[in-house]
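>
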Amino acid sequence: MYESWQRCQEQSIHPLSNRTAITLSREEIEAFWQDDSLQRILKPLLLKLKDASMDSGHLVTFCNAAGDIVHLDGDLSLMLKAEDMNFVLGSSWAENRAGTNAIGTSLVTGSPVQVFAAEHFCQEVQKWTCSAAPIRDPATRDILGVFNLTGLWRVYHPHSLSAVISARQTVESCLRNQLEQERFRLTERFSQLVSSVVGSPFLVLDRGGKVINASNMLYEQGWIDNQQNLIGAPPAALTVASKMQWEAEHVRGMWRFELIPYIYGGKPIGSVVYAIPPSGREPAFREKMAPDVSVEAGVAAPDSDRRQLPEPRETAKPFIRSELFYRSLFEDNPSAIICCDLQGNILDANPAAERLVGFPVEDLQATNIRSLILSDCADAQRHPFSLAAMSRPQEFEIAVRHKNGHSIDVSIHNFPMYVDNEISGFYAIAKDITRHKQIEADLRATKEQLDLYLRNTVDSIVVLDVGFKILKVNRAFEQMFGWSEQEVIGDKLPTIPDFLQEDYEKLHAEIVRNRHVTSYETVRQRKDGTLLNVSTFISPLSDAKGNLIAFVAIQRDITEHKRMEAALIENAKQLRTLINAMPDSVCFKDGEGHWIEANDCCLRIFELEHVPYQGKHDEELARLSPHYRSALLQCAESDKRAWEEGKPVRLEEIIFVSREESRIFDVRKVPLFDPDGRRIGLLVISHDITELKKTEELLRKSEKLSVVGQLAAGVAHEIRNPLTSIRGFIQFIQEGNYKREYFQTILSELDRIQSVVNEFLVLAKPQVINFTPRNLSPLLHQVVELLQTEAILNNVQITVELDETATMVNCEENQLKQVFINILKNAIEAMPNGGRITIQLQQLGDSLSVRIQDQGEGIGEERIQKLGEPFYTTKEKGTGLGLMISYKIIQAHQGNMKISSQRNKGTTVEITLPVCASFA
1 MYESWQRCQE QSIHPLSNRT AITLSREEIE AFWQDDSLQR ILKPLLLKLK DASMDSGHLV
61 TFCNAAGDIV HLDGDLSLML KAEDMNFVLG SSWAENRAGT NAIGTSLVTG SPVQVFAAEH
121 FCQEVQKWTC SAAPIRDPAT RDILGVFNLT GLWRVYHPHS LSAVISARQT VESCLRNQLE
181 QERFRLTERF SQLVSSVVGS PFLVLDRGGK VINASNMLYE QGWIDNQQNL IGAPPAALTV
241 ASKMQWEAEH VRGMWRFELI PYIYGGKPIG SVVYAIPPSG REPAFREKMA PDVSVEAGVA
301 APDSDRRQLP EPRETAKPFI RSELFYRSLF EDNPSAIICC DLQGNILDAN PAAERLVGFP
361 VEDLQATNIR SLILSDCADA QRHPFSLAAM SRPQEFEIAV RHKNGHSIDV SIHNFPMYVD
421 NEISGFYAIA KDITRHKQIE ADLRATKEQL DLYLRNTVDS IVVLDVGFKI LKVNRAFEQM
481 FGWSEQEVIG DKLPTIPDFL QEDYEKLHAE IVRNRHVTSY ETVRQRKDGT LLNVSTFISP
541 LSDAKGNLIA FVAIQRDITE HKRMEAALIE NAKQLRTLIN AMPDSVCFKD GEGHWIEAND
601 CCLRIFELEH VPYQGKHDEE LARLSPHYRS ALLQCAESDK RAWEEGKPVR LEEIIFVSRE
661 ESRIFDVRKV PLFDPDGRRI GLLVISHDIT ELKKTEELLR KSEKLSVVGQ LAAGVAHEIR
721 NPLTSIRGFI QFIQEGNYKR EYFQTILSEL DRIQSVVNEF LVLAKPQVIN FTPRNLSPLL
781 HQVVELLQTE AILNNVQITV ELDETATMVN CEENQLKQVF INILKNAIEA MPNGGRITIQ
841 LQQLGDSLSV RIQDQGEGIG EERIQKLGEP FYTTKEKGTG LGLMISYKII QAHQGNMKIS
901 SQRNKGTTVE ITLPVCASFA
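Shown next, in the form of structure tokens:
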């Protein structure tokens, strides 16, 4: 390799800093394979090499004589990896372009060569080992191409060089046999010419310029040397591509030579050379040539003035001469066929050509075929219809113009037409491939998108062969796990921790056996030994025949996700523990009313501990827990109210635990909505207030007893006065002073005593709570009458201003009396020096307002906020329970109580109650 490195240095080749270029287009690659004889030999060998190399991990390559890759095949995943160094179809690997590599070095030396990874002086090829063997044309000794096997350095196979040498030998053996057949045909042609009347000496040459046979005169005159070369022939005569003439000096004067290619099977296999001695005599016979088009065009051909003799008669070979047969073959062919002369003028076209380009045959016959080619494709230097390109069959793709103006992509097979060994024109067979080109464009776009994804995705992507050895990794893999691609290529995955090796082997076997897409979460190991959680997706890759060729493993680092997931699970456990520890019932429903979560307290209340409650409505749970059916249906109704109002609601619900026992719950329902107003869920929190209700009732009774005790003095005073009157009148009667009016007065006083006692008993006696429609006017009069004595004792005047048209309210009479008594007693006590209390009753729309205003000392603003709290009072011997119970009673009546006050001006208590629905 040292000589190759020196050659690269001398030519200033620095491939380590440059990528090899793509020098061949797809059309040029297809044109290379148009040589049927070469294709028939190479294709089977390349397939055989591919089959043999699949297990060894090599790519099979064939390059043309310039070192450009014209064939590349092998494992798909390995081909993807090779793209990283631009080892693709059309790329040039000549030594003067790519540096030291097996292909380029074998072209320079003409010998087989194997270049190991570290021996390369070539960008990125240092990861690969390459074996190459050039093949030569046995006729011309020119190099026709190079066989090459390329594999990653870790999968080096010792017989790879032997394989390409064997392939070269096979090809060259076939080419030698082909050359022998060509020489046999040339010998036959020589014999035919010898039997003809030919006055001049002649000879026949093979493709390499070697003399096969010659007239005796030419041997005698010394024109043929010992190596069977024609002396004096210019180098161009060895190409046998076209007719040519030259002169050569001899001891007897100047000889003239004329070379005519010999075409067999549509391709030149040699040539016939006629010699004209110095005597100047023209040859008595020459092969009849087709008239030059240049002559028909008015331009004199070089030998157009020469005398042409009739062609010797030959035995006619039997063949089909039916004009109808050939006309049908031309006109009924589904492919477009166009016949042209050497200048490209269209001579004829079939109906399929009309359909393809839209022009009728008559218009096409007046057209040059080049005018149909779009200007973007009409490259003058590589024009497919140029004279230089017509010497052999061609296959290419090009865009042509339709009559309507749009372009059509077509695939064209061009064939030269020979008449008497001269090209007289060509015919083209065209097929519409517009749809095919669109599919190709889509595939290219898809490939570009895939490449872009591989380069930019944050996911690790690994391509594995069928043995789960690494063929390619992307940059994200290197960043995620710490290994470079060069370190892992050809090895098994190094990311499997030791404690998971057995599981991985089982998974590997299962994936290979089932060939299904597999996804799972697992733990993988970085180069530094640390572990990370990954989500893995493995997909098998198959070829067109369904054969498994590789696997693609995509891995995403989910370590942070797992950490957050574990934290969320832990938080959820803590939250669940907290919720279950709450004495309140907590339930969460979705936007459609399905139960999502409930704590233990909630499940105990409805006896749902062993019922799969999640995902069910209240109605469904009512069927599963029939004892609480009414309670669950009641919950469903209150849920509707919460959704309708669209805000948190608070209510009391009663659940019957048994026939004798019920529980009262303070229920809060909070509807949740997303920003678009869509229902998200409903949070229900229920607090058992049964004991609180009992306590409140005891407090209410206690307060009532306190009020009764306070009223006792006033009642005693109220009774003592009538008793004093009765006693006096009875004494008068005992003394004999009898008057009928005395009895009337005594009865009146007794009625007064009975009224006071009855009012006192009604207030003190426990009553069953029963809400009924009541008029507040008589109720207020009764309260005033009850407290009138105490007011008089404290020099307080009570004024009542009642709206007699006020309607009824739905209430519990005794509870409202208790409220009004509390407020009036507070007002009386607030005026130790006397004053006036004003009671006003008026209707305000759907509610009644009762205002009780005193002229006492007033209450500070900061103290008003605390009124109603248990045990908070402004009185020296008060308990603070009176106002608290009053607030509770008014709330139970769906009303509200508001207190306003000013220092030294008095206090106003306003109670608002809803009117009875039947009177609203």
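Anchor point for the sequence shown: position 166 equals 166 in my numbering, and the numbering is continuous, going up by one each time.
Where is the CB? At the ideal position from N, CA and C, for every residue including glycine.
Please read all numbers here as calculations on a predicted model, not as lab measurements.
From the DSSP output, which residues share a beta bridge with residue 58?
151
> Look at the alpha carbon of residue 64 and the alpha carbon of residue 529, and state the distance between them as a whole number of angstroms.
48 Å
> Since residue 102 and residue 148 are thought to touch, with beta carbons under 8 Å apart, how far apart are those beta carbons, to the nearest angstrom?
That belief holds up - the Cβ atoms of residue 102 and residue 148 are roughly 6 Å apart, short of 8 Å.
> Over what stretch of residues does the alpha helix (DSSP H) that includes residue 508 continue unbroken?
501-514
> Is it buried or exposed for residue 921, if we count other Cβ within 10 angstroms and need 16 for buried?
Any answer about residue 921 is impossible in this case: the structure gives the chain only from 1 up to 920.
> Apart from the five residues on each side of it in sequence, which residues of its chain come closer than 7 Å, Cβ to Cβ, to residue 482?
526, 527, 528
> Taking only the alpha-carbon atoms, compute the straight-line gap between residue 910 and residue 837 and give it to the nearest angstrom.
13 Å
> Could you tell me the alpha carbon to alpha carbon distance between residue 904 and residue 645, rounded to whole angstroms?
44 Å
> Could you please give the first and the last residue of the uninterrupted beta strand (DSSP E) stretch that includes residue 914?
906-914
> Any idea what DSSP makes of residue 888, helix, strand or coil?
Note: residue 888 maps to helix in three-state DSSP.
> Should residue 114 be counted as a contact of the ligand GTP given a C-beta to heavy atom distance under 7 Å?
The ligand GTP is absent from the structure shown, which contains no ligand whatsoever.
> With DSSP as the reference, label residue 903 as helix, strand or coil.
coil
> According to DSSP, simplified to helix, strand and coil, what is residue 831?
coil
> In this structure, does DSSP put residue 283 in helix, strand or coil?
Summary for residue 283: the model assigns pLDDT 47, below 50, so the residue's position carries little reliability, and this model does not support an answer.
> Rounding to the nearest angstrom, what Cα-Cα distance links residue 462 and residue 81 in this structure?
The straight-line gap from Cα to Cα measures roughly 11 Å.
> Does the Cβ of residue 564 have 16 or more other Cβ atoms within 10 Å, making it buried, or fewer, making it exposed?
exposed
> Going straight from the alpha carbon of residue 864 to that of residue 898, what length do you get?
10 Å
> Using three-state DSSP, classify residue 480 as helix, strand or coil.
helix
> For residue 359, which option in 402, 234, 324 has the closest C-alpha, if you only look at C-alpha atoms?
It is 402.
> Roughly how many angstroms lie between the CA atoms of residue 614 and residue 828, to the nearest whole one?
60 Å
> Report the three-state DSSP secondary structure of residue 425 (helix, strand or coil).
strand
> Would you mind reading off the limits of the beta strand (DSSP E) that contains residue 526?
Segment: none, residue 526 is in no beta strand (DSSP E) and carries neither H nor E.
> Among 669, 86, 276, which one has its Cα closest to the Cα of residue 253?
276
> In the DSSP output, what is residue 602 paired with across the bridge?
None, per the DSSP bridge assignment.
> Does DSSP put residue 772 in a helix, a strand or coil?
strand
> Would you please state the rounded distance, in angstroms, between the beta carbons of residue 59 and residue 151? I believe it to be under 8 Å.
Rounded to the nearest angstrom, the Cβ distance from residue 59 to residue 151 is 7 Å, consistent with a contact under 8 Å.
> For the region 530-588, which segments carrying the beta strand (DSSP E) assignment without a break, of at least 3 residues, lie completely within its bounds, in sequence order?
Listed in chain order, they are 531-542, 548-557.
> I need the straight-line Cα distance from residue 666 to residue 893, nearest angstrom please.
16 Å
> Can you tell me which of 249, 268, 234 puts its alpha carbon nearest to the alpha carbon of residue 242?
268
> Enumerate in chain order the residues of its own chain whose CB-to-CB distance from residue 906 is below 7 Å, with the five nearest sequence positions on each side excluded.
853, 854, 855, 856, 858
> Starting from the Cα of residue 113, find the closest Cα among 66, 687, 811, 162 and give me that residue.
Measuring from the Cα of residue 113, the nearest candidate turns out to be 162.
> Compute the distance between the beta-carbons of residue 25 and residue 90, then report whether it is under 8 Å.
Yes, the Cβ-Cβ distance between residue 25 and residue 90 is below 8 Å.
> For the beta strand (DSSP E) containing residue 618, list its first residue and its last residue.
It is not in any beta strand (DSSP E) - residue 618 instead sits in the alpha helix (DSSP H) that spans 618-624.
> Pull up the DSSP beta-bridge partners for residue 407, would you.
401
> Less than 8 Å between the beta carbons of residue 49 and residue 471, yes or no?
no
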